[in-house]
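J.: So that we are looking at the same thing, I have put the structure below in structure tokens.
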Amino acid sequence: MAVPKRKTSKSKRNHRRAHHALSKVNVMQNKNSGDCVLPHHINLSDGTYKGKSVVKMSSRAE
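Going by full-length UniProt numbering, the sequence shown opens with residue 1, and the numbers climb by one from there.
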């Protein structure tokens with residue numbers, strides 16, 4: 001089993017962990033409905049992309 005020969009210094013440990021931070025999710029607001037949408041994705045509530053209707057959304061029977 002591998003065992004470290006030396007204690008890892010705080011500097012080495014922190015340099016390794018520099019890439020562990022979470023990145024912020026970019027969310028855009030739809031101009032028509034005001035819903036939050038991921039960039040380059042269609043709005044699932046009304047089926048629009050960049051202000052144009054792309055998908056016909058059918059009303060669900062409840």
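Glycine included, each C-beta is placed from N, C-alpha and C at the ideal position.
Do you know how far the Cα of L22 is from the Cα of N30?
T.: The straight-line gap from Cα to Cα measures roughly 25 Å.
J.: Measure the CB-CB distance between V55 and G47 and report whether it falls below 7 Å.
T.: A contact, by the Cβ cut-off of 7 Å.
J.: Which residue comes first and which comes last in the alpha helix (DSSP H) that contains K12?
T.: From DSSP, the alpha helix (DSSP H) with K12 extends over K10 to R16.
J.: Rounded to the nearest angstrom, what separates R6 and R13 at their Cα positions?
T.: Spanning the two alpha carbons is a distance of roughly 13 Å.
J.: Which residues in the same chain have their Cβ closer than 6 Å to the Cβ of C27, if we skip the five residues on either side of it in sequence?
T.: Correcting the residue identity first, residue 27 is Val in this sequence and not Cys. Excluding positions up to five away in sequence, the list reads C36.
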